Each structure stands twice: as structure tokens, then as C-alpha cells.
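Novice: Handing you a structure now.
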Amino acid sequence: MRITRRLEFDAGHRIPDHASQCKHLHGHRYVIEITLTGDIIQADGNPANGMVMDFGDIKRIAKTHLVDQWDHAFLAYRGDAPIVDFLASLPNHKTVLLDAVPTAENLVVIAFRILDAHYTDSFGNHLRLERVRLYETPNCWADATRDMVQA
Numbered sequence: 010m011r012i013t014r015r016l017e018f019d020a021g022h023r024i025p026d027h028a029s030q031c032k033h034l035h036g037h038r039y040v041i042e043i044t045l046t047g048d049i050i051q052a053d054g055n056p057a058n059g060m061v062m063d064f065g066d067i068k069r070i071a072k073t074h075l076v077d078q079w080d081h082a083f084l085a086y087r088g089d090a091p092i093v094d095f096l097a098s099l100p101n102h103k104t105v106l107l108d109a110v111p112t113a114e115n116l117v118v119i120a121f122r123i124l125d126a127h128y129t130d131s132f133g134n135h136l137r138l139e140r141v142r143l144y145e146t147p148n149c150w151a152d153a154t155r156d157m158v159q160a
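Using the numbering used here, read the sequence shown as starting at 10 and increasing by one per residue.
Structure, rendered in C-alpha cells:
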């Protein structure tokens, strides 16, 4: 079975080497979709009976380990010295420093790697993170899948 939970967050970024508008500071209303696969739990009396995983638990894990850190933050490439230095000069600014340029493609791979360790099989139902999809806009998104990230 495959299930997906969708969450939203707001964050700023810039693509320093971009040839057009994305080289400027700007932000997005990101949407992240977390897709898990596993067997449906068959355990009478258990609150997860009939589910692969409770959607509320999927949300809680994603918020704790990713969304709350990235929401209303500026996602900055560590090598973008002018921006990193500027953001460091702002008292209590919420900045997330990344080892990659914060494109949708890089962000979704980072998100997959962060979340993968936290979706664990606690019911013997072969639960695993299968895909993370990150929408930068309603019409533009990137997918990170298990086979791609582990390659």
C-alpha cells in the first residue's frame, strides 16, 4: 500500500548562479508530500489497525524533523558568502545553512535524507519512505525517490 501526507511551509532562498530572477532573494509557499509504502497493519485493538501509518504521525514526524526548521526560514547555500554574511548580521534570524544550492531538486533530496531515518517500521509492516515531492510553485516540483537517493 502507498499513502501520502501533504504539508505546507513558507521559506526564502536564492539561486546565486541563476541567469534570471531566481538569483534575487525571494520566497515560496512550498508544499511537501511524503509518500510511505508498507503493509496495512492488522492488529485488533491497536489504534493503527487498518492503516499503513496514522496520517497524524506522518505529519508529526515531518514537522518535528523538517517542516518546523524550514518554515519561515531563509534556506541559504553555505557557499553563498554575501547572503550568509548578511543573514548572520541579522539578530535572531532564522537561517538554515545548506551544503547545496537550494534548488527544488537539491532541497527535496535533503528532505528525503532527513526524513528517511524517522519513518521506521514499528509494526512489522515493512514501512518505508518511498518518495518525497517538493512543490516550489503549483506548477513546478521535484521528486526524490528511494532508488534515486540511494544510487
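Beta carbons: idealized from backbone N, C-alpha and C, even for Gly.
Bear in mind that the values here come from a model prediction, so they are computed numbers and not experimental data.
Give me the Cα-Cα distance between R137 and A153, rounded to the nearest whole angstrom.
Specialist: Approximately 14 angstroms, taken between the alpha carbons.
Novice: Where does E17 land, buried or exposed, given buried means 16+ other C-beta within 10 angstroms?
Specialist: With fewer than 16 Cβ atoms within 10 Å of its Cβ, E17 is classed as exposed.
Novice: Pairing CB atoms from the region 98 to 117 with CB atoms from the region 68 to 84, are three or more of them under 8 angstroms?
Specialist: Judged by Cβ distances under 8 angstroms, the region 98 to 117 makes contact with the region 68 to 84, as three or more pairs qualify.
Novice: Compute the distance between the beta-carbons of I123 and I67, then report whether it is under 9 angstroms.
Specialist: No.
Novice: Taking the DSSP output, what are the residues bridged to Y144?
Specialist: Note: Y144 sits in a beta bridge opposite V40, W150.
Novice: For Y128 versus L45, is the C-beta spacing smaller than 9 angstroms?
Specialist: Yes; because the gap between Cβ atoms is below 9 angstroms, this pair is in contact.
Novice: Counting only the same chain and skipping the five closest in sequence on each side, list residues whose C-beta sits under 7 angstroms from that of T112.
Specialist: Correct list, in chain order: I24.
Novice: In chain order, what residues of the same chain lie with their CB nearer than 8 angstroms to the CB of I49, ignoring the 5 residues before and after it?
Specialist: Same-chain partners within the cutoff: M10, G59, M60, V61, N134.
Novice: Quick one: measure Cβ to Cβ for H37 and A20, integer angstroms, because I've assumed they're closer than 8 angstroms.
Specialist: Going by Cβ atoms, the distance from H37 to A20 rounds to 7 angstroms, so yes, they are a contact pair.
Novice: Do you know how far the Cα of Q159 is from the Cα of S131?
Specialist: Their backbone Cα atoms lie some 22 angstroms apart in a straight line.
Novice: Looking at R69: is its Cβ nearer than 9 angstroms to the Cβ of E42?
Specialist: In this structure, E42 does not lie closer than 9 angstroms to R69 by Cβ.
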